[in-house]
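Written out below as structure tokens is the structure these notes cover.
Residue numbers (the working numbering): 14 to 322.
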């Protein structure tokens, strides 16, 4: 019997989360779609895998038996896929670097330059992902290493090292009632409609809506954006506001959008991430070393400038 590994991955997520909603968020799919996939797996195996109740999803005896082996099967298959794809790029001396939006800001070209020094003859292939995939292809094995805006869904599945921390600001239409202020309290934005990333981005979407920092106030979603252009247009047209990294004010300037510091929310972090378990790959190791070297020097330079001033 041939079983799609995707169905097995969905099954494992439901077992681990014990809840369809949380599992769907983690997998970047809707809850009805996840329910359909679980039923398909049960039909193929001819057994019931879960007992459903208001409390959640508990595995049956058959479900527990499958769960005991599913993780090892998935880990072995994912490792095989990564090694196979990486072998092709290694043969071509190409490192696939996934990223979302502006990657590591001004550090990115310096990181690439440092990597070129460490690995002469290698080429860096930058692969920008839409916001529906906050892991920038890392989860799917489409990137060897990635520069990510943290936190990302299932972050514990990867090796992650924080490189840069910067404040979150607020992006507003130029004619917004708060646009003239130098600083804005997040509490004053609770009732504003916000731009959201796609639902399949899961916890990443929640982070950029600051759902855990609203003191119980519900989120109003005015638009959904898959990439920076959609995001900017939604704000410029007066539909919404949005939290964003401070660096966005430098990278995405428009006369009809203003950026202001916002108080009452935690800062944003940029990290370098790579697979866990990691296949032997000295190119990935070299890239991580370049990230550490460049971003550490950048932090020292910023500290020095602050001290001198």
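Don't be surprised by glycine CBs; every beta carbon is placed ideally from N, CA and C.
Do you know how far the Cα of residue 57 is from the Cα of residue 16? For residue 16 and residue 57, the distance between alpha carbons rounds to 8 Å.
What number of angstroms, rounded off, separates the C-alpha of residue 19 from the C-alpha of residue 65? As the crow flies, the alpha-carbon of residue 19 is around 21 Å from that of residue 65.
Using DSSP's beta-bridge definition, name the partner residues of residue 174. 285
For residue 49, count neighbouring Cβ atoms within 10 angstroms of its own Cβ and tell me buried if that reaches 16, exposed if not. exposed
Under the assumption that residue 287 contacts residue 171 (Cβ atoms under 8 Å), give the Cβ distance between them as a whole number of angstroms. 7 Å
Where residue 252 sits in the DSSP three-state scheme: coil
Measuring straight from C-alpha to C-alpha, what distance separates residue 300 and residue 280? 25 Å
Same chain only: Cβ atoms within 8 Å of residue 27, ignoring 5 sequence neighbours per side: 33, 36, 47, 51, 63, 70
Spell out the partners DSSP gives residue 111 in its beta bridges. 140, 159
Measuring alpha carbon to alpha carbon, tell me which residue in 195, 306, 109 is nearest residue 138. 109
Quick one, which of 68, 285, 45 has its alpha-carbon nearest residue 177's? The shortest C-alpha to C-alpha distance from residue 177 to any of 68, 285, 45 is the one to 285.
DSSP state of residue 15 mapped onto helix, strand, coil: coil
Please go through the same chain and pick out, in chain order, the residues whose beta-carbon is closer than 7 Å to the beta-carbon of residue 132, but skip the five residues on each side of it. 296, 299
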